[in-house]
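Heads up, the first sequence is in the UniProt record's numbering, so the first residue is 1 and it goes up one at a time. Note that the Cβ used here is the ideal one computed from N, Cα and C, for glycine as well. Fair warning: this is a prediction, and the values are worked out from it, not measured in the lab.
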Amino acid sequence: GFLLDLGASFYSLLVIFLIHILSSIHFRWEEERSTDGSKWKFLEHKGPVLAPPYEPLPGHVRFFYDGKLLRLSAPAEEVATFFAKMLDHEYTTKEMFRKNFYKDWRKEMTSEEKSKITDINKCNFTEMSEYFKAQSEARKQMSKDEKLKIKEENERILQEYGFCVMDNHKERIGNFRIEPPGLFRGRGDHPKMGMLKRRIRPEDIIINCSKDSKHPKPPQGTRWKEVRHDNKVTWLVSWTENIQGSIKYIMLNPSSRIKGEKDWQKYETARRLKKCVERLRAQYREDWKSKEMRVRQRAVALYFIDKLALRAGNEKEEGETADTVGCCSLRVEHIKLYPKMDDQEYVVEFDFLGKDSIRYYNKMPVEKRVFKNLQLFLENKQPEDDLFDRLNTSILNKHLQELMDGLTAKVFRTYNASITLQQQLKELTTDESIPAKILSYNRANRAVAILCNHQRAAPKTFEKSMQNLQTKIDEKQKQLSATRKQKAVQRIEEQLMKLQMQATDREENKQIALGTSKLNYLDPRISVAWVKKWDVPMEKIYNKTQREKFAWAIDMAEEDYEF
DNA sequence: TTACTGACTTGTTCTCACCGAT
DNA sequence: ATCGGTGAGAACAAGTCAGTAA
Numbered sequence: 001g002f003l004l005d006l007g008a009s010f011y012s013l014l015v016i017f018l019i020h021i022l023s024s025i026h027f028r029w030e031e032e033r034s035t036d037g038s039k040w041k042f043l044e045h046k047g048p049v050l051a052p053p054y055e056p057l058p059g060h061v062r063f064f065y066d067g068k069l070l071r072l073s074a075p076a077e078e079v080a081t082f083f084a085k086m087l088d089h090e091y092t093t094k095e096m097f098r099k100n101f102y103k104d105w106r107k108e109m110t111s112e113e114k115s116k117i118t119d120i121n122k123c124n125f126t127e128m129s130e131y132f133k134a135q136s137e138a139r140k141q142m143s144k145d146e147k148l149k150i151k152e153e154n155e156r157i158l159q160e161y162g163f164c165v166m167d168n169h170k171e172r173i174g175n176f177r178i179e180p181p182g183l184f185r186g187r188g189d190h191p192k193m194g195m196l197k198r199r200i201r202p203e204d205i206i207i208n209c210s211k212d213s214k215h216p217k218p219p220q221g222t223r224w225k226e227v228r229h230d231n232k233v234t235w236l237v238s239w240t241e242n243i244q245g246s247i248k249y250i251m252l253n254p255s256s257r258i259k260g261e262k263d264w265q266k267y268e269t270a271r272r273l274k275k276c277v278e279r280l281r282a283q284y285r286e287d288w289k290s291k292e293m294r295v296r297q298r299a300v301a302l303y304f305i306d307k308l309a310l311r312a313g314n315e316k317e318e319g320e321t322a323d324t325v326g327c328c329s330l331r332v333e334h335i336k337l338y339p340k341m342d343d344q345e346y347v348v349e350f351d352f353l354g355k356d357s358i359r360y361y362n363k364m365p366v367e368k369r370v371f372k373n374l375q376l377f378l379e380n381k382q383p384e385d386d387l388f389d390r391l392n393t394s395i396l397n398k399h400l401q402e403l404m405d406g407l408t409a410k411v412f413r414t415y416n417a418s419i420t421l422q423q424q425l426k427e428l429t430t431d432e433s434i435p436a437k438i439l440s441y442n443r444a445n446r447a448v449a450i451l452c453n454h455q456r457a458a459p460k461t462f463e464k465s466m467q468n469l470q471t472k473i474d475e476k477q478k479q480l481s482a483t484r485k486q487k488a489v490q491r492i493e494e495q496l497m498k499l500q501m502q503a504t505d506r507e508e509n510k511q512i513a514l515g516t517s518k519l520n521y522l523d524p525r526i527s528v529a530w531v532k533k534w535d536v537p538m539e540k541i542y543n544k545t546q547r548e549k550f551a552w553a554i555d556m557a558e559e560d561y562e563f
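1) Taking only runs that begin and end inside the region 169-224, name each unbroken beta strand (DSSP E) of 3 or more residues, in chain order.
2) In this structure, what does DSSP give as the bridge partners for Leu236?
3) Go ahead and pull the three-state DSSP assignment for Tyr161.
4) Helix, strand or coil: how does DSSP classify Glu317 here?
5) How about the region 208-225 and the region 115-130: do they share at least three Cβ pairs that are nearer than 8 Å?
6) Please report the Cβ distance between Ala74 and Arg199, rounded to the nearest whole angstrom; I am assuming they are in contact, meaning their Cβ atoms lie under 8 Å.
7) DSSP three-state call for Asp386: helix, strand or coil?
8) Buried or exposed: Thr429, going by 16 or more other Cβ atoms within 10 Å of its Cβ?
9) From Gln297 to Leu391, what does the alpha carbon distance come to, in whole angstroms?
10) Can you tell me the Cα-Cα spacing of Arg62 and Glu113, whole angstroms?
11) So, at 8 Å on beta carbons, what are the nonlocal neighbours of Ile358 in its own chain, with the 5 sequence-adjacent residues on each side left out?
12) Compare the C-alpha of Val528 against each of Ser246, Ala553, Leu183 and Glu268 and name the closest.
13) For Met364, write down the residues that DSSP places opposite it in a beta bridge.
14) Helix, strand or coil for Phe125, going by three-state DSSP, please let me know.
15) Can at least three beta-carbon pairs, one atom from the region 243-260 and one from the region 168-180, be found at a separation below 8 Å?
16) Let me confirm a value: Arg257 is counted as buried when at least 16 other C-beta atoms fall within 10 Å, else exposed. Which label applies?
17) For Ile473, which residues in the same chain have their Cβ closer than 8 Å to its Cβ, ignoring the five residues on either side in sequence?
18) In whole angstroms, give me the CA-to-CA distance for Pro191 and Leu87.
19) Do Phe83 and Thr92 have their C-beta atoms within less than 8 Å of each other?
20) For Leu374 versus Val300, is the C-beta distance shorter than 8 Å?
21) Which value, in whole angstroms, describes the spacing of the CA atoms of Phe350 and Val325?
22) Can you find the residues in the same chain that come closer than 7 Å, C-beta to C-beta, to Tyr102, ignoring five residues on each side of it along the sequence?
23) Quick one: grab the DSSP three-state call for Tyr102.
24) Could you tell me the boundaries of the alpha helix (DSSP H) in which Pro75 lies?
25) Where does Glu55 sit, in a helix, a strand or coil, going by DSSP?
26) Suppose you measure from the CA of Gly162 to the CA of Phe176; what does that come to, to the nearest Å?
27) For the 8 Å Cβ check, are there 3 or more pairs between the region 178-189 and the region 206-217?
28) Using a Cβ-Cβ cut-off of 8 Å (strictly less than) and excluding sequence neighbours within five positions of Glu558, which residues of its own chain qualify?
29) May I ask you to verify whether the region 261-281 touches the region 379-387, counting CB pairs closer than 8 Å and requiring at least 3?
30) Where does Tyr267 sit, in a helix, a strand or coil, going by DSSP?
31) Can you give the Cα-Cα distance for Lys266 and Val411, rounded to whole angstroms?
32) Could you please give the first and the last residue of the uninterrupted alpha helix (DSSP H) stretch that includes Met293?
33) Let me confirm a value: Gln135 is counted as buried when at least 16 other C-beta atoms fall within 10 Å, else exposed. Which label applies?
34) Hey, Val237 and Lys39: beta-carbon distance below 8 Å or not?
35) Compute the beta-carbon to beta-carbon distance between residue 564 and Phe42, rounded to the nearest angstrom, for a pair I have assumed lies under 8 Å.
36) Alpha carbon to alpha carbon, how far is Trp105 from Gly194? Give it in angstroms, no decimals.
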């Protein structure tokens, strides 16, 4: 037995070794990964591109306070220009925005300015605003030559700062420019809107690279805050932002090995969930009956996360951010229970602001047991109380971790999104023309976007662009009826059909955003397999950037791939 | 147990270059 | 040559989740 074991393990080792060699030739995302948690061995880069220094306004651009001309000091003027640039936005009229801006602006004023400027409503920024509008107009009017110059300069900067070397590969960096100073906007009803986002100096910046690399140089006469060599993290540059006090990073582009591998891993975790999801579902249904309140809450929350693809819902510090919630942080005021609604029983109505203050509104019939539990959770509570008062994301994720290695709340979103795409593609695709297939693909993608509540405001140009398409369709139809020759008829019919598909697609997509799910939730191998199976050109599904991001999947997946 | 930090993913919206129509 | 619509990419905000300190 011992010898047999030895023999068997020798052969399996050999096989693993051979596979390893073969794959390392073709797939850099399958190169050796270390087990000690280090993310790289060698990292060299040129550091960030800093925001350009402030250029004072020309003398003829004036600022008026209470109708009188007032010359501002450079620091006060700079902050004033941030406001002036936003004058056309609705939010500069919001009380909170103006209040926060004014408070931070005053900090930049000289004592003389402070004593003169006492009321933001008496400030007149219109000349500044007009000046910036004229500037951007002038930029548009530049000659071809001038534009080319700028383009070449940008390209040069990209070549110099936009790449790094990580281990044996030259990799594209994601955001190598430091965010310029400006006024913080925030999304939704944000308590900090209008605050000054300060300029980031070299002294604020931490550089991360390997010891044996050529370290990036700070600009003449300055120094970095720190240069460290931490290969347990993937970022190249970091700094602390002053609005929330959080850390911002410069990291690699999604096309990089390190991001691609992580992405792959994410979908592999979701596929492992697929294998045990029925067991987990049986488990939480059982837990609805538990005698422990915390277990029941956990089970109902998990049911929502699974069924409705809700986010986990961490607690947030009050007053620091917009008031938004996810599953675990739902409050009593966010749901309504209807024992009967129309012809359905036990309906739960959800109405709350989720991530980015996007509204989530849904009515869903639930099982009686869930309904009864929800009634129980609501007992003796005020609207602003937590629905799940015995639960938070940490408790939930610890529980999930016990059920499956690597399982967290967000894996359910990935799993449900990907499995939905696969099912929908199977259901919707028919062996018709390419445009018809693409419509089917987009419809499958749409089903996922709806599940994940990826809405968008209908584009401003929507009606117009629908009209344009319709005009084209009408013309094509006329052209068709005017054509006699068989060959030509067929060609025009095809063109017409393509336009009609496009119109349907656009119409159905009016308020749905496909991008987020495509980029973050759908296992790209499903799409790659579909493309191969139905002979659809890859470019119809993924543009250049997406093909780069999903290069690993394009290489890996064959037409028989199953999520 | 809770608070807090750090690293990383996910999200919307803005901007601008490109391209076809006029 | 110019114009306007459009898609891609940039910008940057806002989540998730693990780890550590209090």
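Based on what the coordinates show:
1) 169-172 and 206-208
2) Along the first sequence, one-based indexing puts residue 236 at 236. Bridge partners of Leu236: none, in fact.
3) Walking along the first sequence from the start, residue 161 turns up at place 161. If DSSP states are grouped into helix, strand and coil, Tyr161 belongs with the helices.
4) Residue 317 sits at position 317 when you count from the first residue of the first sequence. If DSSP states are grouped into helix, strand and coil, Glu317 belongs with coil.
5) no
6) For the purposes of this step, residue 74 is taken as the residue at position 74 of the first sequence. For the purposes of this step, residue 199 is taken as the residue at position 199 of the first sequence. Ala74 to Arg199, Cβ: 12 Å. No contact.
7) By 1-based counting over the first sequence, the position of residue 386 is 386. Of the three classes helix, strand and coil, the one that applies to Asp386 here is strand, per DSSP.
8) Looking up residue 429 in the first sequence gives position 429. Burial call: buried.
9) In the first sequence, residue 297 corresponds to position 297, counting from 1. In the first sequence, residue 391 corresponds to position 391, counting from 1. Rounded to the nearest whole angstrom, the C-alpha separation of Gln297 and Leu391 is 7 Å.
10) Position 62 of the first sequence, counting from 1, holds the residue named residue 62. Position 113 of the first sequence, counting from 1, holds the residue named residue 113. Rounded to whole angstroms, Arg62 to Glu113 spans 15 Å at the Cα level.
11) Taking the first sequence and counting its residues from 1, one reaches residue 358 at position 358. For Ile358, where only same-chain residues beyond five positions count, the Cβ hits under 8 Å are Asn453 and Gln455.
12) Here residue 528 corresponds to residue number 528 of the first sequence, with the count starting at 1. Measuring from the Cα of Val528, the nearest candidate turns out to be Ala553.
13) On the first sequence, residue 364 is found 364 positions in, with the first residue counted as 1. Beta-bridge pairing links Met364 to Val348.
14) Residue numbering aside, residue 125 sits at position 125 when the first sequence is read from its first letter. Of the three classes helix, strand and coil, the one that applies to Phe125 here is coil, per DSSP.
15) yes
16) Here residue 257 is taken as the residue at index 257 of the first sequence, counted from 1. So Arg257 ends up on the buried side.
17) By 1-based counting over the first sequence, the position of residue 473 is 473. So the list reads Leu496, Leu499, Gln500 and Ala503, once near-sequence residues are dropped.
18) Indexing the first sequence from 1 puts residue 191 at position 191. Indexing the first sequence from 1 puts residue 87 at position 87. Rounded to whole angstroms, the separation of the alpha carbons of Leu87 and Pro191 is 19 Å.
19) Taking the first sequence and counting its residues from 1, one reaches residue 83 at position 83. Taking the first sequence and counting its residues from 1, one reaches residue 92 at position 92. In contact: Phe83 and Thr92 (Cβ atoms closer than 8 Å).
20) On the first sequence, residue 374 is found 374 positions in, with the first residue counted as 1. On the first sequence, residue 300 is found 300 positions in, with the first residue counted as 1. With a cutoff of 8 Å on beta-carbon distance, Leu374 and Val300 are scored as near each other.
21) Looking up residue 350 in the first sequence gives position 350. Looking up residue 325 in the first sequence gives position 325. Each residue's alpha carbon lies about 12 Å from the other.
22) Within the first sequence, the letter at position 102 stands for residue 102. So the list reads Ile120, once near-sequence residues are dropped.
23) Position 102 of the first sequence holds residue 102. Look at Tyr102 here: in three-state DSSP terms it is helix.
24) To locate residue 75, count along the first sequence from 1; it is residue 75. From DSSP, the alpha helix (DSSP H) with Pro75 extends over Ala74 to Lys85.
25) By one-based count along the first sequence, residue 55 stands at place 55. Reduced to three states, the DSSP call for Glu55 is coil.
26) Stepping through the first sequence from its first residue, residue 162 is reached at position 162. Stepping through the first sequence from its first residue, residue 176 is reached at position 176. Answer to the nearest angstrom: the Cα atoms are 6 Å apart.
27) no
28) To locate residue 558, count along the first sequence from 1; it is residue 558. The answer, listed in chain order, is Ala529 and Lys532.
29) No, they do not touch.
30) Counting from one through the first sequence, the residue named residue 267 turns up at place 267. Helix, per DSSP.
31) Here residue 266 corresponds to residue number 266 of the first sequence, with the count starting at 1. Here residue 411 corresponds to residue number 411 of the first sequence, with the count starting at 1. Answer to the nearest angstrom: the Cα atoms are 8 Å apart.
32) If you number the first sequence from 1, residue 293 lands on position 293. Unbroken alpha helix (DSSP H) run through Met293: Met293 to Leu308.
33) The residue you call residue 135 lines up with position 135 of the first sequence. Per the 10 Å Cβ criterion, exposed.
34) For this step, residue 237 is matched to residue 237 along the first sequence. For this step, residue 39 is matched to residue 39 along the first sequence. No, they are not a contact pair.
35) Absent from the model: residue 564. The displayed extent of the chain is 1 to 563, so no value can be given.
36) Your numbering for residue 194 matches position 194 in the first sequence. Your numbering for residue 105 matches position 105 in the first sequence. Whole-angstrom Cα-Cα distance: 10 Å.
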